[in-house]
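> Be aware that the sequence shown starts at 159, since it is given in the working numbering, and climbs by one per residue. Below are the structure tokens for one structure; questions will follow.
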Amino acid sequence: MDIVSIDTMSVSKPPNISVLYPKAKSLRESVLINSSNGIVLKHKQSVSLGLNSTQVFRLKQHQANTFDCLSCELALWRTLLGQRSLESLELVRPCLSLEPYEITSLVYNIASNFKVSPAITRKHRVVCSPNEVNGENFALLKGLGFNQCQLIIETEDDFNADVVAEFFACAKRYPFTTTGIQITRLSDDIASLVSKVKLLIKKHEPNYVFIGNSSLGLKTDTLITQNASILDNSDIKSNNIICLGPEAVSIINNRKIENLSSVCHYADALSCGKLPFSTVDDI
Numbered sequence: 159m160d161i162v163s164i165d166t167m168s169v170s171k172p173p174n175i176s177v178l179y180p181k182a183k184s185l186r187e188s189v190l191i192n193s194s195n196g197i198v199l200k201h202k203q204s205v206s207l208g209l210n211s212t213q214v215f216r217l218k219q220h221q222a223n224t225f226d227c228l229s230c231e232l233a234l235w236r237t238l239l240g241q242r243s244l245e246s247l248e249l250v251r252p253c254l255s256l257e258p259y260e261i262t263s264l265v266y267n268i269a270s271n272f273k274v275s276p277a278i279t280r281k282h283r284v285v286c287s288p289n290e291v292n293g294e295n296f297a298l299l300k301g302l303g304f305n306q307c308q309l310i311i312e313t314e315d316d317f318n319a320d321v322v323a324e325f326f327a328c329a330k331r332y333p334f335t336t337t338g339i340q341i342t343r344l345s346d347d348i349a350s351l352v353s354k355v356k357l358l359i360k361k362h363e364p365n366y367v368f369i370g371n372s373s374l375g376l377k378t379d380t381l382i383t384q385n386a387s388i389l390d391n392s393d394i395k396s397n398n399i400i401c402l403g404p405e406a407v408s409i410i411n412n413r414k415i416e417n418l419s420s421v422c423h424y425a426d427a428l429s430c431g432k433l434p435f436s437t438v439d440d441i
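Take a look at the structure:
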């Protein structure tokens, strides 16, 4: 079977460092790993893509041009792997860190670098905090092709009846085909938590409830079929997932690839036309 080697490759015209990171006066030394060390991907194998607001906030705090950095990284992944089919897409708290026009541009850029599935089989999930729950955000994301939405509950206050009710109302209004709840912090009072979750399920009938720190790689289809909850994310077997941004961790063919943590070094690598890998390890 044909395979594609993961190798450091360049885009034809890498952007100038001043475009990606205006504060940098010159290119600095970056620790770049030659990523041809045994990583392979089968021909026509699909990938999943994820972006967390944590990485976006870091770029913006360092005054890097967020959209240009992410666009360049996407283009480099395409150069590396070819135009792969996108099995799933997940944006975590996008409306907290990106303006509507930035989200729109990013989604169109993703669609230009990967093969997006037809609407009937698409798995594009937005994971939102209570502060992002409003009609404008849901209308924007639905219009951009997202069909799954998930509400993050981190504190007791996030069980607020009005917030949860608004989430499900927005999800039905636009509508999203799949709705889920992610609980990231377990209360010391497990009995109280169980009671609140049961009440939430009875009242709003989400497709699934997930208890854990991350839903990237979560097989929601399995959860829905089994009508189940997962207590943590330690048993989620994720593979061929690309995560964008500084210090993001991707997994390709059972190899864990971590991006450079320094925003300056991350932007330096991109400006040189190289993916900003820091470490590559077996998992």
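Ideal Cβ positions, reconstructed from N, Cα and C, are used throughout, including at glycine. These numbers were taken from a predicted model, which means no experiment stands behind them.
With DSSP as the reference, please indicate the residues paired to Y366 in a beta bridge.
Y366 pairs with G338.
> Terminal residues of the continuous alpha helix (DSSP H) containing E231?
E231 -> alpha helix (DSSP H) spans T224 to L239.
> List the residues that DSSP assigns as beta-bridge partners of R413.
BP columns for R413 point to I410 and D440.
> Quick check: the stretch 335 to 350 against the stretch 212 to 225, are at least 3 beta-carbon pairs closer than 8 Å?
As far as the Cβ criterion goes, the stretch 212 to 225 does not touch the stretch 335 to 350, which means the pair count is below three.
> Please tell me whether S206 and S246 are closer than 8 Å, where the distance is taken between their beta carbons.
Yes, the pair counts as a contact, with Cβ atoms nearer than the cut-off.
> Determine the closest residue to T337 out of V407, N411 and C286, with distance taken between C-alpha atoms.
Comparing Cα-Cα distances from T337 to each of V407, N411 and C286, the minimum goes to C286.
> State buried or exposed for K356, treating a residue as buried only when at least 16 other CB atoms are found within 10 Å of its CB.
Exposed, because fewer than 16 other Cβ atoms sit within 10 Å of the Cβ of K356.
> Between which residues of its own chain and R216 is the CB-CB distance below 8 Å, once the five residues before and five after are set aside?
Hits under 8 Å: G403, P404, E405 and V421.
> Roughly how many angstroms lie between the CA atoms of S408 and I310, to the nearest whole one?
Rounded to whole angstroms, S408 to I310 spans 22 Å at the Cα level.
> What is the DSSP secondary structure of I278, reduced to helix, strand or coil?
It is coil, neither helix nor strand.
> Measuring CB atoms only, is the stretch 295 to 305 touching the stretch 317 to 337, in the sense that at least three cross pairs come out at less than 8 Å?
Counting Cβ pairs under 8 Å, three or more are found: they touch.
> Strictly by DSSP, which residues pair up with G208?
Note: G208 sits in a beta bridge opposite E248 and C401.
> Quick one: is S229 buried, meaning 16 or more other Cβ sit within 10 Å of its Cβ, or exposed?
With 16 or more Cβ atoms within 10 Å of its Cβ, S229 is classed as buried.
> Once you ignore the five residues that flank V274 on each side, which residues in its own chain have a CB closer than 6 Å to its CB?
Around V274: L244.
> Taking DSSP as the reference, what is the three-state secondary structure of F304?
If DSSP states are grouped into helix, strand and coil, F304 belongs with coil.
> DSSP has A331 in a bridge; who is on the other side?
At residue 331 the sequence reads Arg, which differs from the Ala that was named. None, per the DSSP bridge assignment.
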